[in-house]
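Q: Provided herewith is a single structure, encoded as structure tokens, for subsequent inquiry.
Chains as they are written, first to last, in the numbering used here: chain A, 1 to 451; chain B, 1001 to 1308.
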């Protein structure tokens, strides 16, 4: 026996109609990242009593006098035993204004690949520095990864302000140096916040001692930062995931192309081109999971029906005829190498781009990038785990690949080992850094940056 | 104002439930496109009910190209089993049941001293996967449930023994899921990874999804064991010194009756449940699941063995 839940008397609107923000944190070992994450979760009341008790119990059994908030986030046996964080973990918390998905990326083990993983879906990255040390190599590396992955917003949290007497000039110097660096890399928006994660200053509640700071707390910024979801003016792309053909009496002629809009807006009546075949038609109907609509936009999962019966299958892409992408078999990209097996010129791999997986050959590895100082190492011979470098690839079939700068979803791809299916590398097509043109570089003081 | 104008006025922001729904549907379709023999683990619990609802939406107006698999501990709530059978019939889906009791009867599994059967599910689950040669197995696991699950990938490769090695997981970037696997290996897929307990309840309310009635407050005979309100049933009941009483309770999770506790609650409607979840100071597993309290790494250890 089952019962229907009675219809809500009042819509829980305050709880449902909120937006979702995905963000990543980055910081090195002693910058206090665990403390910051712990405080965000704790002070936003996202840590529940039994979790806190478990942490208190575990801390006590280790002989620690105060609860170690890092135990909230270190989920694996090996992590707790060794006191290290092995892997990206995802955390969830909410305020009445927004829901948050936090990619908590460990700072010191296999660090580049973890931050790249966390940053790939992030709309904002929080980078921590220690106020006593300011911008260090690690900070530059974090900023470079955020820029490389085109994370739209970067927050620099200058932590441990309590250890520099909450001095405004210390913060101002660090903030200015970082902002200049990040802007040169092409990061569109930088926000700097002085905090003490340990004391709780400017994390969730405004600091009582840093009255010279008039900006938002970290949480307030996360709640209010404007993330641009406007699909107008962006490329419009629809990778076909699956063809829906019910073949029932009721839907005998139904043929719908299911997929998730990667970017832009589609509307009924729009003339479209299917890639790679180049055939054209127009959109007859759009269904958003059962509901017929006039228009749909990224990141909605929809089913599109076309006016003409043309041959389309998984792996094809539908785009407006007026801005259909070119398909190419020659791809230049920046990759982050993720696997212990090195990537070498001549390697035969699989390349997964949107819903299509094709064979590919690594034709060249022109250079490797050192993120610490953004210097280039020509012809490195191979890319090892955590290396970032430029590659030239030749694919067995043409792919409608956009520049990553134009569209994160249609400009990204994976390289996969055909022998065992391992994910080898994460790739981004086109120019590495938005701001890495010669003019902007010339503005930078540091002559060591050589790209 | 047209729907489009409304969206434009809000800078095309989608409410978080739409974003989560869209992401889950994308995952179902990826699996349908890339695997030969996928199956949905369906227990009649709220997460698997939401998962099935999403699968139905993802392929509408066609049926989802997946069968259902339930690992029946033999200690499940009768209301939930009835629900399971009715839903499978309603949507004309094939339902496979792997029975822990059968394994015990054949002597292939041994009853534990504590009477809990949840950990015993792994063997019948892996046998069912092997026999039917499932290559993708959908689970309703969420990353917010438990700290080992916070580390779980959406596409999680399992070796030929069904084992999970957290140190050898594939990095997962953007929305590019790598489902490549060798013969004998399979992939566990978690479309609800980014849902929280509250999201699940809000989604149930929005979509008006029918649940087994035990999720809503009702009068039930229960007794206290290890700080949890357990319901007597065919699995057993109160021992000497444990007093059975009738209380107004509901369930936050539904699993084996021997280790799933009820919570005191007057929440007999969906909006009252949502209000209760939003205000609670206990996680759903911390409140009501004995199997996770066995050790600090109970979930991780079971997952290594092939559990979900």
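The C-beta atom is built at its ideal place from N, Cα and C for all residues, glycine as well.
From a predicted model like this one, the values you see are computed outputs, not experimental measurements.
Grouping DSSP H, G and I as helix and E and B as strand, with all else coil, what is residue 238 of chain A?
A: If you number the first chain from 1, residue 238 of chain A lands on position 238. Strand at residue 238 of chain A.
Q: Could you tell me which chain B residues have their CB closer than 9 Å to the CB of residue 19 of chain A, listed as they occur along the chain?
A: Reading the first chain from its first residue, position 19 is the one you call residue 19 of chain A. Those are 1013, 1014, 1015, 1016 and 1019, listed as they occur along chain B.
Q: Would a check of beta-carbon distances place residue 165 of chain A closer than 7 Å to chain B?
A: Counted from its first residue, the first chain places residue 165 of chain A at position 165. By this cut-off, residue 165 of chain A is not an interface position.
Q: If we cut at 7 Å on Cβ distances, does residue 195 of chain A have a partner in chain B?
A: Residue mapping note: residue 195 of chain A aligns to position 195 of the first chain, counting from 1. No - not a single Cβ of chain B is within 7 Å of the one on residue 195 of chain A.
Q: Can you check whether the C-beta of residue 241 of chain A is within less than 7 Å of a C-beta belonging to chain B?
A: Here residue 241 of chain A corresponds to residue number 241 of the first chain, with the count starting at 1. Yes - at least one Cβ of chain B is within 7 Å of the one on residue 241 of chain A.
Q: Label residue 310 of chain A either buried or exposed according to how many other C-beta atoms from any shown protein chain fall within 10 Å of its C-beta, with 16 as the threshold for buried.
A: Within the first chain, the letter at position 310 stands for residue 310 of chain A. Label assigned to residue 310 of chain A: exposed.
Q: May I ask you to report which of helix, strand or coil DSSP gives residue 1132 of chain B?
A: Residue mapping note: residue 1132 of chain B aligns to position 132 of the second chain, counting from 1. Residue state, collapsed to three classes: helix.
Q: Using the C-alpha atoms, what's the distance from residue 1202 of chain B back to residue 431 of chain A?
A: Here the question's residue 431 of chain A lines up with position 431 in the first chain. Here the question's residue 1202 of chain B lines up with position 202 in the second chain. Rounded to whole angstroms, residue 431 of chain A to residue 1202 of chain B spans 42 Å at the Cα level.
Q: So which residues of chain B does residue 229 of chain A contact, with C-beta pairs closer than 8 Å?
A: One-based indexing of the first chain puts residue 229 of chain A at position 229. Those within 8 Å of residue 229 of chain A in chain B are 1011, 1012, 1013 and 1014.
Q: Counting only Cβ pairs nearer than 9 Å, list the residues of chain A close to residue 1062 of chain B.
A: Taking the second chain and counting its residues from 1, the one referred to as residue 1062 of chain B is at position 62. Near residue 1062 of chain B (Cβ distances below 9 Å), the residues of chain A are 244, 245, 246, 247, 248, 251, 254 and 256.
Q: Using the C-alpha atoms, what's the distance from residue 116 of chain A back to residue 1168 of chain B?
A: In the second chain, residue 1168 of chain B corresponds to position 168, counting from 1. In the first chain, residue 116 of chain A corresponds to position 116, counting from 1. Cα to Cα, the separation comes out at about 17 Å.
Q: For the stretch 205-276 of chain A, list the alpha helix (DSSP H) runs that are entirely contained and at least 4 residues long, ordered along the chain.
A: Listed in chain order, the complete alpha helix (DSSP H) runs (minimum 4 residues) inside the stretch 205-276 of chain A are 218-224.
Q: Secondary structure at residue 1183 of chain B, three-state DSSP: helix, strand or coil?
A: On the second chain, residue 1183 of chain B is found 183 positions in, with the first residue counted as 1. The answer is coil: DSSP assigns residue 1183 of chain B none of H, G, I, E or B.
Q: Tell me the DSSP bridge mates of residue 89 of chain A?
A: The count along the first chain starts at 1 and reaches residue 89 of chain A at position 89. According to DSSP, residue 89 of chain A bridges with A:104.
Q: Rounded to whole angstroms, what's the CA-CA distance from residue 1270 of chain B to residue 1045 of chain B? Just pull it up for me.
A: Translated into positions along the second chain, residue 1270 of chain B becomes position 270. Translated into positions along the second chain, residue 1045 of chain B becomes position 45. Whole-angstrom Cα-Cα distance: 15 Å.
Q: Nearest-angstrom Cα distance between residue 1231 of chain B and residue 1261 of chain B?
A: One-based indexing of the second chain puts residue 1231 of chain B at position 231. One-based indexing of the second chain puts residue 1261 of chain B at position 261. Spanning the two alpha carbons is a distance of roughly 8 Å.
Q: In this structure, does DSSP put residue 1264 of chain B in helix, strand or coil?
A: Position 264 of the second chain, counting from 1, holds the residue named residue 1264 of chain B. Of the three classes helix, strand and coil, the one that applies to residue 1264 of chain B here is strand, per DSSP.
Q: Within 10 angstroms of the Cβ of residue 1075 of chain B, are there 16 or more other Cβ atoms? Answer buried if so, exposed if not.
A: In the second chain, counting from the first residue as 1, residue 1075 of chain B sits at position 75. Looking at its Cβ environment, which holds 16 or more other Cβ atoms inside 10 Å, residue 1075 of chain B is buried.
Q: Considering only C-alpha positions, which residue in the set B:1275, B:1072, B:1234 and B:1156 is nearest to residue 1121 of chain B?
A: In the second chain, counting from the first residue as 1, residue 1121 of chain B sits at position 121. Measuring from the Cα of residue 1121 of chain B, the nearest candidate turns out to be B:1072.
Q: For residue 1191 of chain B, count neighbouring Cβ atoms within 10 angstroms of its own Cβ and tell me buried if that reaches 16, exposed if not.
A: On the second chain, residue 1191 of chain B is found 191 positions in, with the first residue counted as 1. Under this definition residue 1191 of chain B is a buried residue.
Q: Please report the residue range of the beta strand (DSSP E) in which residue 168 of chain A lies.
A: Working through the first chain from its first residue, we reach residue 168 of chain A at position 168. From DSSP, residue 168 of chain A is part of no beta strand (DSSP E) but of the alpha helix (DSSP H) over 168-185.
Q: Would a C-beta distance cut-off of 7 Å place residue 35 of chain A and residue 198 of chain A closer than the cut-off?
A: For the purposes of this step, residue 35 of chain A is identified with residue 35 of the first chain, where counting begins at 1. For the purposes of this step, residue 198 of chain A is identified with residue 198 of the first chain, where counting begins at 1. Yes, they are a contact pair.
Q: With H, G and I counted as helix, E and B as strand and the rest as coil, what does DSSP make of residue 406 of chain A?
A: Numbered from its first residue, the first chain carries residue 406 of chain A at position 406. Three-state DSSP puts residue 406 of chain A in coil, outside helix and strand.
Q: Return the CA-CA distance between residue 5 of chain A and residue 1277 of chain B, expressed in angstroms with no decimal places.
A: Numbered from its first residue, the first chain carries residue 5 of chain A at position 5. Numbered from its first residue, the second chain carries residue 1277 of chain B at position 277. At residue 5 of chain A the pLDDT is 40, less than 50, meaning the model places this residue with poor confidence; the figure from the coordinates comes in the next sentence. Rounded to the nearest angstrom, the two C-alpha atoms are 16 Å apart.
Q: Using a Cβ-Cβ cutoff of 9 Å, what residues of the stretch 281-302 of chain A are near chain B? List them in chain order.
A: Here the close residues are 287, 288, 289, 290, 293, 294, 295, 297, 298, 299, 300, 301 and 302.
Q: So the candidates are A:53, A:259 and A:337; which of them puts its Cα closest to the Cα of residue 409 of chain A?
A: Mapped onto the first chain, residue 409 of chain A falls at position 409. It is A:259.
Q: Would you call residue 348 of chain A buried or exposed, if buried means 16 or more other Cβ atoms sit within 10 Å of its Cβ?
A: Within the first chain, residue 348 of chain A is the residue found at index 348, counting from 1. Exposed, because fewer than 16 other Cβ atoms sit within 10 Å of the Cβ of residue 348 of chain A.
Q: Using 7 Å as the threshold, is the C-beta distance between residue 456 of chain A and residue 413 of chain A below it?
A: Lying before the first or after the last residue shown, residue 456 of chain A is absent from chain A, which here runs from 1 to 451.
Q: List, in order along the chain, the chain A residues whose C-beta lies closer than 9 Å to that of residue 1196 of chain B?
A: Your numbering for residue 1196 of chain B matches position 196 in the second chain. Chain A residues near residue 1196 of chain B: 92, 93, 94 and 99.
Q: Could you tell me the distance, in whole angstroms, from the CA atom of residue 1127 of chain B to the CA atom of residue 1136 of chain B?
A: Position 127 of the second chain, counted from the start, is the residue given in the question as residue 1127 of chain B. Position 136 of the second chain, counted from the start, is the residue given in the question as residue 1136 of chain B. Cα to Cα, residue 1127 of chain B sits roughly 14 Å from residue 1136 of chain B.
Q: Taking the CB atoms as reference points, tell me whether residue 192 of chain A and residue 175 of chain A lie closer together than 7 Å.
A: By 1-based counting over the first chain, the position of residue 192 of chain A is 192. By 1-based counting over the first chain, the position of residue 175 of chain A is 175. Contact: yes.
Q: How would you call residue 205 of chain A, buried or exposed, if buried means at least 16 neighbouring beta carbons within 10 angstroms?
A: As a working mapping, residue 205 of chain A is identified with position 205 in the first chain. Residue 205 of chain A comes out exposed.
Q: Can you list the beta strand (DSSP E) stretches of 3 or more residues lying completely in the stretch 1015-1094 of chain B, in chain order?
A: Fully enclosed beta strand (DSSP E) runs of 3 or longer: 1038-1041 and 1067-1072.
Q: In the DSSP assignment, the beta strand (DSSP E) including residue 1175 of chain B goes from what residue to what residue?
A: Walking along the second chain from the start, residue 1175 of chain B turns up at place 175. From DSSP, residue 1175 of chain B is part of no beta strand (DSSP E); its letter is neither H nor E.
Q: Near residue 168 of chain A, which residues of its chain fall below 7 Å by C-beta distance, leaving aside the five closest residues on each side in sequence?
A: For the purposes of this step, residue 168 of chain A is identified with residue 168 of the first chain, where counting begins at 1. So the list reads 212, once near-sequence residues are dropped.
Q: Whose Cβ in chain A lies nearer than 8 Å to the Cβ of residue 1057 of chain B?
A: The residue labelled residue 1057 of chain B in the question sits at position 57 within the second chain. Those within 8 Å of residue 1057 of chain B in chain A are 289 and 290.
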